[in-house]
Amino acid sequence: MPTPLFTPAQVREMDARAFDRGTSADALMERAAGHLERAVRDLAGYGYGLRVTILCGKGNNGGDGLALARRLTDVGARATVCVVTGEETLEGLPAVQRDRWLARGGTLVSSPQEALVGADVTVDCLLGTGAAGEPRDPYRTAIAALAAERAQGTPVVACDVPSGVDAETGTVAERAVTADVTVTLGAEKVGLRMWPARGRCGDLVTGDLGILERRDEPVAWSLDDRDADHLLPFPPPGAHKRQRGRVLIVAGAQGMSGAAVLATRGAVEAGVGLVTCLAAPGSRDAVAGAVPEALTATFGDLDDRDDHDAAVADVLARAQDADVVVAGPGLGRGGGPTALVRALVERLERPLVLDADAVNALAEVPEALTAPRANALVLTPHEGELARLVDGPVQRNRASEYAADWGATVVAKGPGTVTASPDGRTWVCASGSVALATGGTGDVLSGMIGAVLAGDVDLARVAATVHWHGRAGEAAAALRHPAAVRAGAVADAVPTARARMAGDPGPRPGAPIPRPEDRR
Ligand SMILES: NC(=O)C1=CN([C@@H]2O[C@H](COP(=O)(O)OP(=O)(O)OC[C@H]3O[C@@H](n4cnc5c(N)ncnc54)[C@H](OP(=O)(O)O)[C@@H]3O)[C@@H](O)[C@H]2O)[C@H](O)CC1
Ligand SMILES: [K+]
């Protein structure tokens with residue numbers, strides 16, 4: 007099942023409703039501590055005799071830590087606790103937890119450095135969702151001490167969020183905790199799935215507090231392999247190639263054949279009935295040579311002012327034979343590509359995927375983006391391209407606003423790609439590898455998206471394809487080295503990645519890939 011993701015403010019509302027139903031804040035804190043205790047023991051593999059150092063702040067995050075110390079003692083672990091702001095700063099529930107800890111025979115160590123000596127596991131209960139901005143002292147110093155201990159090999163469990171990480175936006179303070187496991191409480195917070203925050207969390211575990219209700223609407227979703235595989239098309243038995251979808255790729259101006267080749271390969275490897283690539287003459291030959299499975303043709307000269315109307319008309323006519331059009335990879339910049347993109351956005355009555363130069367062209371004619379249109383539009387900008395479209399700094403966690411403003415599905419590419427559809431659904435991609443941060447991988451993705459939409463324009467499929475492309479990047483990195491993956495290797499890995507998502511552990515000659523009805 008897709009994982010629902012919420013903002014910290016939503017989780018606070020869930021808390022408030024739980025209080026209205028009669029659940030006490032104390033009970034929630036005890037539940038939180040129970041999840042932390044399990045995570046600590048799971049990480050270490052044992053509990054009895056385990057030396058656990060818990061660094062606490064003065065808020066409820068610190069209160070969770072004090073409750074944890076008591077629970078760990080109950081199972082025979084040795085908890086060392088430091089309240090970095092001083093125990094006298096605690097008020098309310100954290101103060102109640104402190105008193106319970108002291109009544110249980112626990113003690114408090116005043117210096118974080120001293121508390122960390124000899125720890126097998128450390129727990130970051132410094133700052134949670136109530137904190138904002140750059141951690142101030144004494145938190146700052148405590149975070150540095152925790153980092154130094156981790157550098158010596160002592161793992162860190164973060165309570166709710168790694169301190170210094172913004173659980174709404176995914177931004178990370180200059181001084182922030184890097185955890186090995188993060189136990190996120192109540193419901194998964196969206197910012198923890200976004201980068202750079204995701205890189206600070208380690209394994210993400212959700213600690214259910216019984217506060218999430220059916221009516222809670224997540225701001226985003228995260229797909230796993232099975233979710234993504236189920237969303238992706240599976241060829242109906244007996245289908246002929248036209249029924250399996252036809253993609254037209256408009257890419258590759260003169261001298262820019264590589265992008266056209268990669269986008270065409272993306273579509274072919276993703277599996278679709280027919281792929282046609284329209285490119286400038288030299289690029290067309292390159293595509294024909296590199297991807298024999300695709301049909302190829304040329305578009306007129308987009309650079310020639312007198313001819314570009316004819317080129318645009320030709321592309322629109324050819325699009326009549328396609329279910330989906332992908333435009334942009336290596337299309338070039340200037341009046342011709344801009345006129346073509348504008349015509350496609352305004353006049354094409356087919357789903358349209360715009361990538362790379364086509365996104366740049368669209369930034370030249372922003373009125374085309376907001377005008378009513380007859381097609382489903384998917385934009386796949388990387389950060390630089392998105393910045394041109396929004397004309398200012400980009401926040402990927404605002405992709406859903408961009409999608410609503412433009413009536414388009416926005417795939418905001420980067421680590422933890424965010425896909426937002428105009429109907430208000432948002433997905434944060436959990437797959438991928440730094441191997442994808444190399445030229446041409448976006449072209450592969452655009453072709454793949456074209457292929458999956460050729461059967462059915464379900465926009466959740468776009469998010470599933472982003473997940474699939476991420477898995478292909480991981481598979482290519484595993485076969486080679488993350489530092490040495492070229493985009494063509496990502497395209498090569500697309501079919502195997504899908505087989506693995508479907509539950510196939512690896513190549514097994516002769517073994518059929520299970521059909522959807524056998525898997526569900
Ligand atoms: N449903 C749940 O998820 C539950 C979560 N619990 C835990 O509660 C925390 C949130 O607790 P809260 O008390 O709201 O906040 P924090 O513990 O995160 O701490 C806030 C204190 O931090 C100070 N602060 C704020 N910003 C900074 C900063 N940049 N540098 C230093 N200090 C900062 C702030 O003090 P001020 O005096 O500055 O206002 C606060 O005192 C949640 O994360 C969970 O761990 C519940 O236990 C169970 C239900
Ligand atoms: K924390």
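Under my numbering, think of the first position of the sequence shown as 7, with each following residue one higher. By construction, the Cβ of each residue, glycine as well, lies at the ideal position given by its N, Cα and C atoms.
The beta strand (DSSP E) with residue i in it runs from where to where?
{"i": "LEU11", "result": "9-11"}
{"i": "CYS207", "result": "No beta strand (DSSP E) contains CYS207, which is instead part of the alpha helix (DSSP H) from 204-207."}
{"i": "ARG84", "result": "84-89"}
{"i": "ASP327", "result": "Element bounds for ASP327: n/a, residue is neither H nor E."}
{"i": "THR184", "result": "Premise fails: THR184 is in no beta strand (DSSP E) and is neither H nor E."}
Helix, strand or coil for residue i per DSSP?
{"i": "CYS283", "result": "strand"}
{"i": "THR59", "result": "strand"}
{"i": "SER263", "result": "helix"}
{"i": "LEU354", "result": "coil"}
{"i": "TRP227", "result": "strand"}
{"i": "ASP312", "result": "coil"}
{"i": "ALA333", "result": "strand"}
{"i": "VAL162", "result": "strand"}
{"i": "VAL321", "result": "helix"}
{"i": "ILE255", "result": "strand"}
{"i": "THR376", "result": "helix"}
{"i": "GLY98", "result": "helix"}
{"i": "TRP201", "result": "coil"}
{"i": "ALA460", "result": "coil"}
{"i": "THR502", "result": "helix"}
{"i": "PRO515", "result": "Here the model assigns PRO515 a pLDDT of 49, short of 50, so the residue's position is not dependable, and the following value carries that caveat. It is coil, neither helix nor strand."}
{"i": "PRO14", "result": "helix"}
{"i": "LEU114", "result": "strand"}
{"i": "LEU360", "result": "strand"}
{"i": "VAL171", "result": "strand"}
{"i": "ARG467", "result": "helix"}
{"i": "VAL472", "result": "helix"}
{"i": "ALA410", "result": "helix"}
{"i": "ARG250", "result": "coil"}
{"i": "LEU122", "result": "helix"}
{"i": "GLN559", "result": "The structure shown has nothing for residue 559, since the chain only spans 7 to 526."}
{"i": "ALA276", "result": "helix"}
{"i": "ARG27", "result": "coil"}
{"i": "ARG526", "result": "With a pLDDT of 46 at ARG526, under the threshold of 50, the modelled position of this residue cannot be trusted; read the value that follows with caution. In the structure shown, ARG526 sits in coil (DSSP, three-state: anything other than H, G, I, E or B)."}
{"i": "SER541", "result": "Here the chain comprises residues numbered 7 to 526, so residue 541 is not present and cannot be evaluated."}
{"i": "LEU565", "result": "The structure shown does not extend to residue 565, since the chain spans only 7 to 526, so no value can be given for it."}
{"i": "ALA478", "result": "helix"}
{"i": "GLY338", "result": "coil"}
{"i": "LEU268", "result": "helix"}
With C-beta atoms as the reference, is residue i less than 8 Å away from residue j?
{"i": "GLU140", "j": "ALA179", "result": "yes"}
{"i": "VAL171", "j": "ALA182", "result": "yes"}
{"i": "ALA457", "j": "ALA303", "result": "no"}
{"i": "GLY258", "j": "GLY341", "result": "no"}
{"i": "ALA325", "j": "VAL331", "result": "yes"}
{"i": "VAL123", "j": "VAL163", "result": "no"}
{"i": "LEU280", "j": "LEU301", "result": "yes"}
{"i": "ARG199", "j": "SER228", "result": "yes"}
{"i": "ALA185", "j": "GLU155", "result": "no"}
{"i": "VAL496", "j": "THR447", "result": "yes"}
Looking only at DSSP bridge pairs, what is residue i linked to?
{"i": "VAL496", "result": "Per DSSP, none; premise fails for VAL496."}
{"i": "GLY213", "result": "LEU191"}
{"i": "TRP550", "result": "This structure does not reach residue 550, given that the chain is present from 7 up to 526, and the question cannot be answered."}
{"i": "THR415", "result": "VAL384"}
{"i": "ALA303", "result": "LEU284"}
{"i": "VAL178", "result": "VAL171"}
What first and last residue would you give for the alpha helix (DSSP H) that runs through residue i?
{"i": "ALA367", "result": "363-370"}
{"i": "ASP130", "result": "Premise fails: ASP130 lies in the beta strand (DSSP E), 127-131, not in any alpha helix (DSSP H)."}
{"i": "VAL384", "result": "Segment 383-386 is the beta strand (DSSP E) holding VAL384; no alpha helix (DSSP H) there."}
{"i": "VAL396", "result": "389-396"}
{"i": "VAL46", "result": "31-50"}
{"i": "THR135", "result": "Premise fails: THR135 is in no alpha helix (DSSP H) and is neither H nor E."}
{"i": "GLU155", "result": "145-157"}
{"i": "ASN403", "result": "First-last for ASN403: undefined, no H or E at that position."}
{"i": "ALA75", "result": "66-80"}
Mind checking if residue i is an interface residue toward chain B, Cβ cutoff 8 Å exclusive?
{"i": "HIS236", "result": "Absent here is chain B; the protein component of the structure consists of one chain."}
Less than 7 Å separating the Cβ of residue i from some heavy atom of ligand 4?
{"i": "ASP166", "result": "Because ligand 4 does not appear in the structure shown, any question about it cannot be addressed here, the ligands present being ligand 1 and ligand 2."}
Measuring CB atoms only, is the segment 44-60 touching the segment 21-29, in the sense that at least three cross pairs come out at less than 8 Å? no
At least 3 beta-carbon pairs within less than 8 Å: the segment 432-445 vs the segment 487-504: yes
Touching by the beta-carbon criterion (3+ pairs, under 8 Å), the segment 343-350 and the segment 365-381: yes
Any chance the segment 380-389 sits against the segment 357-368, with 3 or more Cβ pairs inside 8 Å? yes
Segment contact flag, the segment 202-220 with the segment 246-262, C-beta cutoff 8 Å, min 3 pairs: no
Is there contact here, the segment 465-474 with the segment 232-251, by at least three beta-carbon pairs under 8 Å? Contact holds: three or more Cβ-Cβ distances are below 8 Å.
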